[in-house]
Each structure stands twice: as C-alpha cells, then as structure tokens.
Amino acid sequence: MNKLTPGKLVIATHNKGKLREIQALLAPYGMECLAAGDLGLPEPAETGTTFAENALIKAHAAAQAAHLPALADDSGLCVVALDGAPGVYTADWAEAAPYEGGPGRDWYMAMGKVEGKIAEKGPSTPRDCWFACTLAIAWPDGSEAVYEGRAPGTLTWPPRGTLGFGYDPVFVPTGDTRTFAELDPAEKHAISHRADAFAKLVAAQFE
Numbered sequence: 001m002n003k004l005t006p007g008k009l010v011i012a013t014h015n016k017g018k019l020r021e022i023q024a025l026l027a028p029y030g031m032e033c034l035a036a037g038d039l040g041l042p043e044p045a046e047t048g049t050t051f052a053e054n055a056l057i058k059a060h061a062a063a064q065a066a067h068l069p070a071l072a073d074d075s076g077l078c079v080v081a082l083d084g085a086p087g088v089y090t091a092d093w094a095e096a097a098p099y100e101g102g103p104g105r106d107w108y109m110a111m112g113k114v115e116g117k118i119a120e121k122g123p124s125t126p127r128d129c130w131f132a133c134t135l136a137i138a139w140p141d142g143s144e145a146v147y148e149g150r151a152p153g154t155l156t157w158p159p160r161g162t163l164g165f166g167y168d169p170v171f172v173p174t175g176d177t178r179t180f181a182e183l184d185p186a187e188k189h190a191i192s193h194r195a196d197a198f199a200k201l202v203a204a205q206f207e
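Each residue of the sequence shown is one higher than the one before, counting from 1 in the UniProt record's numbering.
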C-alpha cells in the first residue's frame, strides 16, 4: 500500500472550513497542504450514494489533475429519526440562490429544514444523530485508501455558537452540553468525526 510522505498534498475541497480543520490535523506530519480551489481544479460531480464513493471521486479527480497525492473528505449529518438523512445530501440541503462564482449555501436554512422535519414527527421524536466523515486518499497511480469516522450527538434548537461551520451550531456532541460551534477549535478537533477518521488515517499512514 502507498504511504504518504512529508511533502505536497492536495486537499480536494473548496470548503474553507474543512480546509482549515484538515490543515490543522495534518500540520504535525510535515504535509504541505494545497487547496484544490487555489490550484484551479474543478469540482467533480459527486454522483456516489455513499460518503466513501463521493470522497474517492474527489480524491482521484484531484490526484490525476495535479499529479500529486490528494486527500478528500466527504462528511455529513445523519439524523436517526430521518432514517440517516440528510447524509450524503448534507450540502444539498443548504443549496440556496446561486451567486457569482458558484452555488450558494445557506446553512441556517439547512438547519431549519432538519428541525422542521423532526418537528413534523411530533414533540417526542428522538433527536439522536451523528456526524460522519470519510477520508479518501488517492495517488496519481490510481492507488487509494479510505478511513471512516463518527461523532455521536443530539440536535438542539435554536442554533448556538459562531465558531463552527455547516450544521455545527445545532450539534451537541455526546458527553457535552455545548454545540460544536461553541467549542474552541482545538476541543472540537479532539472529538470530531473528522478527528476520528484522521486518527485511523494517521495510524495507517504515519505510524
């Protein structure tokens, strides 16, 4: 199996929040993270029906275009009462009016949509959920590796906090009373779904 070595690594995302988290998690391992957006790489169509399929699509596209190893993340919120939705369609639920340069994302609207669907099921509906993260690494020769992580929690309403992104303001991790958006980034990095997936990646790639 291929292994990552200190040097350049393309991060196949145009999401600046994800990019910051990934850069922070990889910093100790000598990786020079290059954003796909900064390299002008196009975003491939995410046609998969699982997090792993979509992560691999993005990683392979970036690795082939940049001729460098590439890391892609596909992650989302999965709500038990909604049969795992929004899941792989997490970002789609935030689609808003397009702006110049790309699609709009209205995360407050997306959080409201989740809350509305739970409310439709009645006040006693369980609010259990989890954040899922799949990390895929692809090399220019076609090799690949996949690592999956989870962070369990419950949903709260109304949204609280300003430090996170996406659905973070309504997600309360198990064992805490604060939302991900109320946690210091270092605290979130220690317990997040992305951290769980990264721990598995690090054990396989760097240890």
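All C-beta atoms, glycine included, are put in the ideal place defined by N, C-alpha and C.
Inter-residue CB distance, residue i and residue j (contact presumed, cutoff 8 Å)
| i | j | result |
| --- | --- | --- |
| Leu19 | Ala35 | 5 Å |
| Ala181 | Arg194 | The Cβ separation is near 15 Å, so there is no contact. |
| Asp38 | Ala55 | Incorrect: roughly 20 Å between the Cβ atoms, too far for contact. |
| Val114 | Leu155 | 7 Å |
| Leu25 | Phe198 | 5 Å |
| Leu77 | Thr90 | 5 Å |
| Thr49 | Val10 | Going by Cβ atoms, the distance from Thr49 to Val10 rounds to 25 Å, so no, they are not a contact pair. |
| Ala138 | Ala204 | Contact flag wrong, Cβ pair sits at about 15 Å. |
| Phe51 | Thr177 | Going by Cβ atoms, the distance from Phe51 to Thr177 rounds to 28 Å, so no, they are not a contact pair. |
Coarse secondary structure for residue i, derived from DSSP in three states
| i | result |
| --- | --- |
| Trp157 | coil |
| Ala72 | strand |
| Gly122 | coil |
| Asp106 | coil |
| Tyr147 | strand |
| Met111 | helix |
| Ala55 | helix |
| residue 252 | Since the displayed the chain opens at 1 and closes at 207, residue 252 lies outside it and no answer follows. |
| Glu187 | helix |
| Ala138 | strand |
| Asp168 | helix |
| Pro152 | strand |
| Thr39 | Here the sequence assigns Leu to residue 39, which means Thr is not the residue at that position. Residue state, collapsed to three classes: coil. |
| Glu182 | helix |
Residue i classed as buried or exposed, judged by whether at least 16 other C-beta atoms fall within 10 angstroms
| i | result |
| --- | --- |
| Ser124 | exposed |
| Glu207 | exposed |
| Gly142 | exposed |
| Asp196 | buried |
| Tyr147 | buried |
| Met109 | exposed |
| Thr5 | exposed |
| Pro173 | buried |
| Glu21 | buried |
| Pro42 | exposed |
| Ala190 | exposed |
| Met111 | buried |
| Lys188 | buried |
| Ala59 | buried |
| Thr47 | exposed |
| Ala27 | exposed |
Touching by the beta-carbon criterion (3+ pairs, under 8 Å), the stretch 59-73 and the stretch 123-132: Cβ pair count under 8 Å is below three, so no.
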